[in-house]
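The structure appears right after this line, and notes come after that.
In my numbering, the protein residues as written are 171 to 636.
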């Protein structure tokens, strides 16, 4: 069985190798001045002048997906989930010698977010314009030379609020503070950032896309209440300050039943430390309903493909699968630690059953599926070779330093050949509802990558590799 650009390999899933490559992917997404120990050698320095037009230093961070924009909401969620992976599965990451790489991925994100928050009530939430960037196919290394894609900066402030963006960024800082050791030199700075941002998010309320209209077409937020709860839960955990628990109790009505967990929807969150009895019990109920529906034991079970993959959306479905798998694995360990079972509408579920379900989803992604394709690039030899990604699809600047302008870049997009650079570790959008996949760079709903896809996958891979 062969398809254009694919080579078949039925090797069994290797969770440890997938974990290593999942973290390696973040080095391919780096923006800014690359460090001496950069492992993805086909990348070069890029966007070194980001923020200069506004008199701020916004160099660094991560490119969001296959484009060259830095979108603040999914970037902050990525940092939160990478941090949660370290917090929840730190010992497993250490056992696989990936703890330092995971922390490095977190720190690359927090270093940028610190720059993006220069004042208490100011947060830069985007660099680049989605529409102009998407109208150009260009290596990130060529942007400053060719000057064809504006590196416009977009911010929220008191007059132009964005509670969702500010709260998610506060959550990212709080989760990172827990992930970093107490001796880390940047810890105090991280703490001051999440305290200020949570205050900003609660005092000046509003949807961030109303202040950053360009984001609406690409990462439109459905509401900010869930981010406020999400941030409060993380700040409570990071500080042990009862005021954040009291915030959760006062605003329990913000929570609602969730069908997915993502950069936009945190209602399936599993901050179990603050979802116990009394006024917070509704959070526990919502979280457990989410898990029960995911594992097909609830009253409104999540749809699946014929081969058993969870199905949420035709566009980048795997982002929701990786996050669901993370939640299930984390919840299984909570049940094990407390000697409990999950009570679902269709009966009690043991922790090992949850792990088995999470494993089934991970195995599908890594190649146990009808097409025997690994939807993580670089695992096995039967994986997507024509990923929708500017940097991977154009010859590396290390091989040919001649700048590539926008129209030349589109020749690479439409070229009938595999990408010249392997985007190791990237989890793509994935197959459709019929378990079919077309390996085509123009098929961006299925073949594009995103930082939010991989972040929860790091944690669940660490758990399964242990």
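Where a beta carbon is used, it is the ideal one built from N, C-alpha and C, also for glycine.
Under 8 Å, with one C-beta from each stretch per pair, do the stretch 321 to 340 and the stretch 379 to 389 reach the 3-pair mark? yes
State yes or no: is the C-beta of residue 405 within less than 7 Å of the C-beta of residue 424? Looking up residue 405 in the chain shown gives position 235. Looking up residue 424 in the chain shown gives position 254. No. Outside cutoff.
For residue 241, which beta-bridge partners are listed by DSSP? Start at 1 with the first residue of the chain shown, and residue 241 comes out as number 71. Paired residues: 296.
Touch test, the stretch 608 to 620 against the stretch 235 to 242, Cβ-Cβ under 8 Å, three pairs minimum: The stretch 608 to 620 and the stretch 235 to 242 touch, with no fewer than 3 CB-CB distances between them shorter than 8 Å.
Pull the bridge partners of residue 348 from the DSSP assignment, please. Translated into the one-based positions of the chain shown, residue 348 becomes position 178. Residue 348 is not bridged to any residue.
I'd like to know whether the C-beta atoms of residue 625 and residue 252 end up nearer to each other than 7 Å. For the purposes of this step, residue 625 is identified with residue 455 of the chain shown, where counting begins at 1. For the purposes of this step, residue 252 is identified with residue 82 of the chain shown, where counting begins at 1. It is a contact, given that the beta carbons lie within the stated cut-off.
Under 8 Å, with one C-beta from each stretch per pair, do the stretch 311 to 323 and the stretch 359 to 370 reach the 3-pair mark? no
Using three-state DSSP, classify residue 531 as helix, strand or coil. Translated into the one-based positions of the chain shown, residue 531 becomes position 361. In this structure, residue 531 counts as helix in the three-state DSSP scheme.
Which runs of the beta strand (DSSP E) at least 3 residues long sit entirely within the stretch 567 to 627? Give them in chain order. none
Among 295, 193, 215 and 433, whose alpha-carbon lies nearest the alpha-carbon of residue 566? Residue mapping note: residue 566 aligns to position 396 of the chain shown, counting from 1. Comparing Cα-Cα distances from residue 566 to each of 295, 193, 215 and 433, the minimum goes to 215.
How big is the Cα-Cα spacing for residue 529 and residue 492? Residue mapping note: residue 529 aligns to position 359 of the chain shown, counting from 1. Residue mapping note: residue 492 aligns to position 322 of the chain shown, counting from 1. Cα-Cα distance, rounded: 11 Å.
For a test of the three-state rule: what should DSSP assign to residue 633, helix, strand or coil? Residue 633 sits at position 463 when you count from the first residue of the chain shown. Residue state, collapsed to three classes: helix.
With DSSP run on the structure shown, which of helix, strand or coil describes residue 192? The residue you call residue 192 lines up with position 22 of the chain shown. Residue 192 falls in the helix class under three-state DSSP.
Chain-order list of residues whose beta-carbon lies under 7 Å from that of residue 489 (same chain, five-residue window excluded): For the purposes of this step, residue 489 is taken as the residue at position 319 of the chain shown. The residues are 432, 620, 622 and 623.
So, under 8 Å CB-CB, residue 249 and residue 292 are touching, yes? Tell me the CB distance rounded to an integer number of Å. Taking the first residue of the chain shown as 1, we reach residue 249 at position 79. Taking the first residue of the chain shown as 1, we reach residue 292 at position 122. With 8 Å as the limit, residue 249 and residue 292 do not qualify as a contact, their Cβ atoms being about 19 Å apart.
By the DSSP assignment, the beta strand (DSSP E) with residue 326 in it spans what residues? Counting from 1 along the chain shown, the entry for residue 326 is found at position 156. Here the beta strand (DSSP E) through residue 326 covers 323 to 326.
Is it the case that the Cβ atoms of residue 594 and residue 191 are separated by a distance below 7 Å? Against the chain shown, residue 594 aligns to sequence position 424. Against the chain shown, residue 191 aligns to sequence position 21. A contact, by the Cβ cut-off of 7 Å.
Mind pulling the beta strand (DSSP E) runs of 3 or more residues that sit fully within the stretch 469 to 545? 512 to 514 and 517 to 519
For residue 641, which residues does DSSP report across the bridge? Nothing about residue 641 can be read from this structure; the chain reaches only from 171 to 636.
Please name the residue in 213, 312 and 478 whose C-alpha comes closest to that of residue 573. Here the question's residue 573 lines up with position 403 in the chain shown. When C-alpha distances from residue 573 are compared across 213, 312 and 478, the shortest belongs to 312.
Give me the DSSP bridge partner(s) of residue 650. Because the chain spans 171 through 636 in this model, residue 650 falls outside it and cannot be assessed.
Close Cβ partners of residue 239 (< 8 Å) along its chain, the five nearest in sequence each way excluded: Along the chain shown, one-based indexing puts residue 239 at 69. Excluding sequence neighbours, residue 239 sits near 233, 296, 297, 298, 299, 300, 303 and 388.
Given 8 Å, three or more beta-carbon pairs between the stretch 498 to 508 and the stretch 449 to 469: Taking a cut-off of 8 Å on C-beta distances, the stretch 498 to 508 touches the stretch 449 to 469, as three or more cross pairs fall below it.
By Cβ distance below 6 Å, which residues in the same chain neighbour residue 282 in space, the five residues on each side in sequence not counted? By one-based count along the chain shown, residue 282 stands at place 112. Within the same chain, residue 282 has close Cβ partners 230 and 231.
Just reading off the alpha helix (DSSP H) that residue 419 is part of, what are its end residues? Sequence index remark: in the chain shown, residue 419 carries index 249 (1-based). Looking at the DSSP string, the run of the alpha helix (DSSP H) that includes residue 419 is 412 to 420.
As a quick exercise: from 278, 351 and 244, pick the residue whose alpha carbon is nearest that of residue 208. Here residue 208 refers to the residue found at position 38 of the chain shown. Residue 278 is the option with its Cα nearest to residue 208.
Please report how far the alpha carbon of residue 221 lies from the alpha carbon of residue 417, in whole angstroms. Within the chain shown, the letter at position 51 stands for residue 221. Within the chain shown, the letter at position 247 stands for residue 417. Going by the C-alpha atoms only, they are around 35 Å apart.
Using 8 Å for Cβ pairs, my map puts residue 309 next to residue 556. What's the rounded Cβ distance? By 1-based counting over the chain shown, the position of residue 309 is 139. By 1-based counting over the chain shown, the position of residue 556 is 386. The pair is not a contact, with the Cβ atoms about 17 Å apart (cut-off 8 Å).
Could you give the DSSP three-state label for residue 232: helix, strand or coil? Translated into the one-based positions of the chain shown, residue 232 becomes position 62. Residue 232: strand per DSSP, three-state reduction.
Take residue 470 and list the residues in its own chain whose beta-carbon comes closer than 6 Å to its own, dropping the five residues that flank it on each side. Here residue 470 corresponds to residue number 300 of the chain shown, with the count starting at 1. Taking residue 470 as the centre and dropping the five residues before and after it, the same chain places the C-beta of 463 closer than 6 Å to its C-beta, in chain order.
For residue 520 and residue 466, what's the separation of their Cα atoms in angstroms? Residue 520 sits at position 350 when you count from the first residue of the chain shown. Residue 466 sits at position 296 when you count from the first residue of the chain shown. Near 14 Å, if we compare the C-alpha coordinates of residue 466 and residue 520.
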